[in-house]
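J.: Got a structure for you, questions after.
Below, the structure is given as structure tokens:
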């Protein structure tokens, strides 16, 4: 009831979808899960676990939207963080006595 699915959204036959749910285009859900009332699934998301009522998920695998966005933002920082770790390891190695 009052649920909207955008183009190319795929829902397995055994999945239960609540009321007032929004599912973005090209999103998919595996079987034997439940998407709670008023939940939202972002476009191109892969839902592999049940979604509680009122929660907005995105990504693959789908997870709470803001957590997914924080993770995506952090990934862009990884190359610089790896360089910093390498420099710190080198500095630490210089401080340790050789045996």
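Residue numbers (this note's numbering): 4 to 102.
Glycine included, C-beta positions come from ideal geometry on N, C-alpha and C.
#1: Give the secondary structure of residue 12 by DSSP, where H, G and I count as helix, E and B as strand, and everything else as coil.
#2: Return the chain-ordered ranges of every beta strand (DSSP E) run that is complete within the region 35-81 and spans a minimum of 3 residues.
#3: Report all residues from its chain with a CB closer than 6 Å to the CB of residue 13; omit the five preceding and five following residues, and keep chain order.
#4: So, with DSSP's three-state summary, where would you put residue 96?
#5: Closest to residue 52 by C-alpha separation, out of 94, 101 and 15, would be which residue?
#6: Considering only residues of the same chain and omitting the five flanking positions on each side of residue 47, which have a CB-CB separation below 8 Å?
#7: If you draw a straight line from the alpha carbon of residue 86 to that of residue 99, how long is it in whole angstroms?
T.: If we stick to the structure as given:
#1: Counting from one through the chain shown, the residue named residue 12 turns up at place 9. DSSP places residue 12 in coil when its eight states are reduced to three.
#2: 59-61
#3: Locating residue 13 in the chain shown gives position 10, where the first residue counts as 1. Answer for residue 13: 31, listed in chain order.
#4: For this step, residue 96 is matched to residue 93 along the chain shown. It is helical.
#5: As a first step, residue 52 must be located in the chain shown, where it is residue number 49. Answer by Cα proximity: 15.
#6: Start at 1 with the first residue of the chain shown, and residue 47 comes out as number 44. Cβ within range, chain order: 27, 28, 29, 30 and 63.
#7: As a working note, residue 86 is residue 83 in the chain shown. As a working note, residue 99 is residue 96 in the chain shown. Going from the Cα of residue 86 to the Cα of residue 99 covers about 20 Å.
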